[in-house]
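Undergrad: The structure under discussion is supplied below as structure tokens; questions concerning it will follow.
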Amino acid sequence: MTDGLFLFNSRTRRKERFVPIEAGQARVYTCGPTVYSPQHIGNMRPNVFADLLKRALLMEGLRVTHVTNVTDVGHLTDDSDAGDDKMEVAAQKTGRRAEEIAAEYTGQWLRDRRRLNCLDPEVLCKATEHIEEQIEMIRVLEEKGVTYRIDDGIYFDVSKFPRYTELARLDLDQQQGGQRIADVVGKKQPADFALWKFADPELKRQQEWDSPWGRGFPGWHIECSAMSTKYLGTRFDIHTGGVEHLTVHHTNEIAQSETALGVHPWVSIWMHEDWLVFGGEKIAKSTGNVLLLEELEAMGISPLGFRYFLLQAHYRKQQNVAEQGLRAAETGYRRLVAQAQALATEGNVDESAAQPRRAEFREAVRDDLNAPRALAAATGIVRDESLSPATRRALLTECDAWLGLDLLTAELPQATQETDPRIDGLVAARQAAREAKQWAEADRIRDELAAEQIVIEDTPEGPIWRRNDP
RNA sequence: GGCGCCGUAGCCAAGUGGUAAGGCACGGGACUGCAAAUCCCUGAUCCCCGGUUCGAAUCCGGGCGGCGCCUCCA
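Residue numbers (this note's numbering): 543 to 1012.
Here is the structure:
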């Protein structure tokens, strides 16, 4: 592994050197959230991962067009339409409009992304605003003769797409799909999936549209194909998403897109991040063990402390989330920031001395976004006393362009910001006792405050206090 | 049943053929009236068995254990 950015391609299952389709320009599509409920920390890993990818591409000097979708139309719980529509269910439960729910959770997601220092995508597109494009793509597929109509909707016939099993290396005869859910009657083969679903006249949906095939709503997979084509063209460089999408969603996207657009490969590199697990189980809405970013903050884990946590593991491996690990990350993050910011600003930058350290960091980034190694390299820079403080600062600024941890600019929580007359009084009383060398009294007050989770720190400028993290 | 991932110090986690990164915790030290905060130091032969090799955590074979996907979920 020498020059260039190497990325693991799920399609070939190898690390490959990234070569953009158009020189100097990278086009990336990321499967975004379905906004029927709050996005939890498990959902944030793909955001941070995609952000690291984007920053790595920028670091290579490329222009980046990053497109992310928001699924704001309830797709169905499965392709065969045997389950409930999550947007519709959420709307019914709360008595609110689907649009209202979507707007709320889209906003929450964007806020959390930004607090995690994820760069905004160049294009943020919503499924409901691209119904036309989806219908158009389905129309093209129909013209090409790969669709068929049954009572339930318009379906894609996967037998018409020979490369169907390629991405996930499927053995269709051995797939056990349809075992846990009832299959739709009339499908030619289990893997066929809906492009357009007909509205059930009995059931009044909030979200339905007219189409050449009748009133209804789009199948889940078509939105990504239609919107990526609109904003990135008929072929683009990188498509990211969670591992669980390999077998169904991305496989179906490829079938639709390559058939409709007549291209291959439609996407050069497919990248998939693995799950965050908690107590031996994935963190997901379906398992119910979700935790929100704001809940993390209430525990004393800052958003960037959580980003640091995520950077400690490689994106292609499952990462264990546990309170101890989160706290370890928060502590490690604060110390790293404090050390970085303590570096003197004056002095010269020694370029030749900086080079090996820079190389070490970039090597890690270029090796399939190896964040743990990159983070270790940055930690090494802060503490490398053979480098002048100015050199270290300069290097850390470069590193942070990728890490996104605000190493030199973050404002750490200050201990003395809070004022409380009673506590301030006790702290002052203790200080007076100390000055009178009445140690027993001083310690008694300190113990009293400690019992309420208040910690006193004696600094050269006098005592300060803070509440211990819960 | 098919596809895939993983098992490294107390915890998290890099490393994928040449003799074990990093973080946190613990312990020791400095500092402190004692603490806290801070700084310094300190720990593992890599799930088990067999094989290949001059040499394996790293490759191959066989076990044991955990996780994910094949419904929606990042």
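Glycine included, every Cβ here is placed at the ideal spot set by N, Cα and C.
How many Å lie between residue 927 and residue 934 at the Cα?
TA: Here residue 927 refers to the residue found at position 385 when the first sequence is read from its first residue. Here residue 934 refers to the residue found at position 392 when the first sequence is read from its first residue. Approximately 9 angstroms between the Cα atoms of the pair.
Undergrad: Do the stretch 724-739 and the stretch 682-701 meet, that is, are 3 or more Cβ pairs less than 8 angstroms apart?
TA: yes
Undergrad: Any contact of the stretch 710-717 with the stretch 804-824, i.e. 3+ C-beta pairs under 8 angstroms?
TA: no
Undergrad: Determine the direct distance from the alpha carbon of residue 586 to that of residue 579, and round the result to whole angstroms.
TA: By one-based count along the first sequence, residue 579 stands at place 37. By one-based count along the first sequence, residue 586 stands at place 44. Those two C-alpha atoms are separated by around 14 angstroms.
Undergrad: Are residue 891 and residue 919 closer than 8 angstroms when you measure CB to CB?
TA: Taking the first residue of the first sequence as position 1, residue 891 is located at position 349. Taking the first residue of the first sequence as position 1, residue 919 is located at position 377. Contact flag unset, no.
Undergrad: Since residue 867 and residue 932 are thought to touch, with beta carbons under 8 angstroms apart, how far apart are those beta carbons, to the nearest angstrom?
TA: For the purposes of this step, residue 867 is taken as residue 325 along the first sequence, with counting starting at 1. For the purposes of this step, residue 932 is taken as residue 390 along the first sequence, with counting starting at 1. Not a contact, Cβ separation roughly 34 angstroms.
Undergrad: Would you tell me roughly how many angstroms separate the C-alpha atoms of residue 785 and residue 842, rounded to the nearest one?
TA: For the purposes of this step, residue 785 is identified with residue 243 of the first sequence, where counting begins at 1. For the purposes of this step, residue 842 is identified with residue 300 of the first sequence, where counting begins at 1. Residue 785 and residue 842: Cα-Cα distance of roughly 30 angstroms.
Undergrad: Residues in its own chain within less than 6 angstroms of residue 811 by CB, not counting five upstream and five downstream?
TA: As a working mapping, residue 811 is identified with position 269 in the first sequence. Within the same chain, residue 811 has close Cβ partners 549, 551, 780.
Undergrad: In the DSSP assignment, find the unbroken beta strand (DSSP E) run with residue 751 in it and report its ends.
TA: Counted from its first residue, the first sequence places residue 751 at position 209. Looking at the DSSP string, residue 751 is not in any beta strand (DSSP E), and its letter there is neither H nor E.
Undergrad: Would you mind sorting residue 727 into buried or exposed? The rule is 16 or more other CB atoms within 10 Å of its CB.
TA: Numbered from 1 along the first sequence, position 185 holds the residue referred to as residue 727. It is exposed - the Cβ of residue 727 has fewer than 16 other Cβ atoms within 10 Å.
Undergrad: In the structure shown, what three-state DSSP assignment does residue 625 receive?
TA: Locating residue 625 in the first sequence gives position 83, counting from the first residue. Low per-residue confidence applies at residue 625: pLDDT is 46, beneath 50, and the placement is therefore not dependable enough to give any value.
Undergrad: Please work out which residues of its chain come closer than 8 angstroms, Cβ to Cβ, to residue 839, disregarding the five sequence neighbours upstream and downstream, and give them in chain order.
TA: Within the first sequence, numbered from 1, the residue matching residue 839 stands at position 297. Cβ within range, chain order: 845.
Undergrad: Tell me the rounded alpha-carbon separation between residue 905 and residue 884.
TA: Working through the first sequence from its first residue, we reach residue 905 at position 363. Working through the first sequence from its first residue, we reach residue 884 at position 342. Distance between residue 905 and residue 884, taken at the CA atoms: about 27 angstroms.
Undergrad: Kindly indicate which three-state DSSP category residue 809 falls into: helix, strand or coil?
TA: As a working mapping, residue 809 is identified with position 267 in the first sequence. The answer is strand: DSSP assigns residue 809 an E or B state.
Undergrad: Does DSSP put residue 989 in a helix, in a strand, or in coil?
TA: By 1-based counting over the first sequence, the position of residue 989 is 447. Correct three-state label for residue 989: helix.
Undergrad: Shortest alpha-carbon distance to residue 776 belongs to which of 768, 755, 615?
TA: In the first sequence, residue 776 corresponds to position 234, counting from 1. Measuring from the Cα of residue 776, the nearest candidate turns out to be 768.
Undergrad: For residue 739, is the classification buried or exposed, using 16 other Cβ atoms within 10 angstroms of its Cβ as the cut-off for buried?
TA: Along the first sequence, one-based indexing puts residue 739 at 197. It counts as buried.
Undergrad: Select from 969, 800, 992 the residue whose C-alpha is nearest the C-alpha of residue 1001.
TA: As a first step, residue 1001 is located in the first sequence; it is residue number 459 there, counting from the start. Residue 969 is the option with its Cα nearest to residue 1001.
Undergrad: Looking only at its chain, what residues have a beta carbon closer than 8 angstroms to the beta carbon of residue 604, apart from the 5 residues adjacent to it on each side?
TA: Taking the first sequence and counting its residues from 1, the one referred to as residue 604 is at position 62. Taken in chain order, the residues that qualify are 562, 566, 567, 568.
Undergrad: Report buried or exposed for residue 981, applying the criterion of at least 16 other Cβ atoms within 10 angstroms of its Cβ.
TA: For the purposes of this step, residue 981 is taken as residue 439 along the first sequence, with counting starting at 1. Exposed, because fewer than 16 other Cβ atoms sit within 10 Å of the Cβ of residue 981.
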